[in-house]
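The block underneath contains the structure these notes are about, expressed in structure tokens.
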Amino acid sequence: MRKFFSALLAIALLLSVSPFAHAQSGGFTHPEIGELIEFYFTEGMPSFTIYGFTQYKVMEPGTPYRGIRSSGTRLIHGGMDTLDRSLERMFNSLDGQSKEPKPIVFDYTDVLEDYAYQLGLLPIKERVKAIRLLAGFDGVEGYEKLLDIEGFESIDVQKLTSEHRDFSVDKNGKTYPYRVLMFYIEEDDWEQIYYERYGYIQMNGEWRLGRITKEYFSEYRQRIKYLHGLADTDISALTKAYAEVMRSSNWNMAPNEVAALESGTVEGNQVIVKDTNIFRLPATLTYSFTDSWLSSVEYKFDSAQAYFSAFVSLYIRYYDPVTIGENGDMSWSLPDVIITLTHNDVAPTITVVPRQHVENTSVG
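Residue numbers for the sequence shown follow numbering that gives the first Met the number 0, so the first one is 0 and each next one is one higher.
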């Protein structure tokens, strides 16, 4: 679709009433991409436009989308649709059975793309079953079941098994299995060309829908390829993204090592680096240590606008936040770290902590 065009525009903050008592929308020139961005919250869900064109949107939980219910600010609750129900409703919607426009183009992505023809021949319930198995929702043992589905009798089960990878996210001290499906859609309106993503979390053995997002950004394939939860995603691409937030540090470093690396000041169990930046945003950087080992990395900003800018920069690198709190806090649960963007009218922060084994673990 549209490429980013370089521009220098004055910063202007637009304020309105918000569900969590801060600016619900903001218009500003993003320091990294140099474009005029307008940022919005609707029903507590973020979205932003570039020069008036929507680029990213988390679908409102209060309004069913394609007849599907997602979880909203609370990642987990009983009203979330199951995997099978959400996909059945999605396909019914694509056939024109919802208020959303019927797309003129629908394509599978990731591991499903190679089997688009076979999937297209199946009735909806069998198609949903095949997607569930192909995308790894039933684990490595599920791939063998594909052989019983028409059109999949000769599928390379060994290849799917060898490439299988489990994903998980942390929420409230528990670890939950997590997977994502993504589809490419074009509507008759030329502006409506986007990727649609469905993020699922497994609770008590049942996969349920946590989040639906739309990404209109056509250069998706030119960015960092890792998308947490997507079956065939490239985990090696995370190295660059981690390096930006961790700089040259790692979790095994002691305070004196970090202080020497950063020319920072040791203050108790912290190393503080002033006048630095992240994503071209001025920040104060604090390394915190527990038992003499690095335990968190925090960037503290000095303006409300930095919160909006930081969200866009985090989205560009890490895609969809796993949690979105009613107070505006968001988190990205990745294989090795949890990144949290904390809202504050005066000093928003980005905090990075390692993902550690938690005693109270949910295995679905």
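Even for Gly, the Cβ is constructed at its ideal location relative to N, Cα and C.
- Message: To the nearest angstrom, how far is the alpha carbon of A230 from that of A305?
- Response: Those two C-alpha atoms are separated by around 33 Å.
- Count the C-beta pairs between the region 91 to 106 and the region 243 to 255 that are closer than 8 Å, then say yes if the count reaches three, no if not. Segments in contact, no.
- Query: Once you ignore the five residues that flank V351 on each side, which residues in its own chain have a CB closer than 6 Å to its CB?
  - Reply: For V351, where only same-chain residues beyond five positions count, the Cβ hits under 6 Å are V244, V296, V336 and I338.
- Item | Residues that A258 bridges to, as DSSP identifies them | Partner(s): none; A258 has no beta bridge.
- Start-end ranges of the alpha helix (DSSP H) lying completely within the region 47 to 129, minimum 4 residues: Along the length of the region 47 to 129, whole alpha helix (DSSP H) runs at least 4 residues long occupy 82 to 93 and 115 to 119, reported in chain order.
- Do the region 51 to 69 and the region 85 to 93 touch if we need at least three Cβ pairs shorter than 8 Å? With the rule of 3 Cβ pairs closer than 8 Å, the region 51 to 69 counts as touching the region 85 to 93.
- Task: Sort out for me which residues DSSP pairs W331 with in a bridge.
- Result: W331 pairs with I338.
- Sufficient close CB pairs (3 or more, under 8 Å) joining the region 198 to 211 to the region 162 to 177: Segments in contact, yes.
- Query: Of all the CB atoms in chain C, is at least one closer than 8 Å to the CB of L132?
  - Reply: The structure shown has no chain C; it contains just one protein chain.
- With respect to the beta strand (DSSP E) encompassing R207, which residues constitute its N-terminal and C-terminal limits? E205 to E214 is the extent of the beta strand (DSSP E) around R207.
- Task: Rank E214, A282, Y314 and D301 by C-alpha distance to the C-alpha of Q191 and give the top, closest one.
- Result: Q191 has its Cα closest to that of E214, out of E214, A282, Y314 and D301.
- Task: Indicate whether T232 and K239 have their beta-carbon atoms separated by less than 8 Å.
- Result: No, the pair does not count as a contact, with Cβ atoms beyond the cut-off.
- Item | Inter-residue spacing [alpha-carbon to alpha-carbon] between E162 and S235 | Cα-Cα distance, rounded: 14 Å.
- Message: Could you tell me the alpha carbon to alpha carbon distance between E42 and P60, rounded to whole angstroms?
- Response: Whole-angstrom Cα-Cα distance: 7 Å.
- Message: I believe S287 touches P30 by the beta-carbon criterion, under 8 Å. Please report the beta-carbon distance rounded to the nearest angstrom.
- Response: Actually they are not in contact, since the Cβ atoms of S287 and P30 sit about 26 Å apart, beyond 8 Å.
- For K144, three-class secondary structure by DSSP: Correct three-state label for K144: helix.
- Query: When the distance is taken between beta carbons, is K170 closer than 8 Å to T341?
  - Reply: In this structure, K170 does not lie closer than 8 Å to T341 by Cβ.
- Message: What does the alpha-carbon distance come out to for the pair D147 and M79?
- Response: Distance between the alpha carbons of D147 and M79 is about 29 Å.
- Distance CB(P254)-CB(V265) smaller than 8 Å: Yes. Within cutoff.
- Task: Tell me where the alpha helix (DSSP H) around S161 begins and ends.
- Result: Looking at the DSSP string, the run of the alpha helix (DSSP H) that includes S161 is V156 to E162.
- Query: Looking at the unbroken beta strand (DSSP E) that takes in T275, where does it start and where does it end?
  - Reply: Counting along the chain, the beta strand (DSSP E) containing T275 begins and ends at Q269 to I277.
- D319, buried or exposed, once every other Cβ within 10 Å from all chains shown has been counted against 16: Buried, because 16 or more other Cβ atoms sit within 10 Å of the Cβ of D319.
- Message: Measuring alpha carbon to alpha carbon, tell me which residue in W206, D328 and L333 is nearest T348.
- Response: It is D328 whose Cα lies nearest to the Cα of T348.
- Grouping DSSP H, G and I as helix and E and B as strand, with all else coil, what is A346? In this structure, A346 counts as coil in the three-state DSSP scheme.
- Message: Tell me the DSSP secondary structure of L226 in three-state form.
- Response: Residue state, collapsed to three classes: coil.
- Span separating the alpha-carbon of S85 from that of I211: Roughly 10 Å separates the two Cα atoms.
- Task: May I ask which residues mark the beginning and end of the alpha helix (DSSP H) holding E243?
- Result: Looking at the DSSP string, the run of the alpha helix (DSSP H) that includes E243 is L237 to M245.
- Rounded C-alpha distance that separates T377 from R207: The chain is shown only over 0 to 363; residue 377 falls outside these bounds and no answer can be derived.
- Query: Around the Cβ of S15, are there at least 16 other Cβ atoms within 10 angstroms (buried) or fewer (exposed)?
  - Reply: Its pLDDT being 27, under 50, S15 is placed unreliably in this model, and the value from its coordinates should be taken loosely. Label assigned to S15: exposed.
- Query: What's the C-alpha gap between M181 and Y107?
  - Reply: Roughly 7 Å separates the two Cα atoms.
- By Cβ distance, which residues of its chain are closer than 7 Å to E125, with the 5 residues on each side in sequence left out? The residues are I148.
- Query: Going by DSSP, what residues sit across from E266 in a beta bridge?
  - Reply: In DSSP, E266 forms a bridge with Q269.
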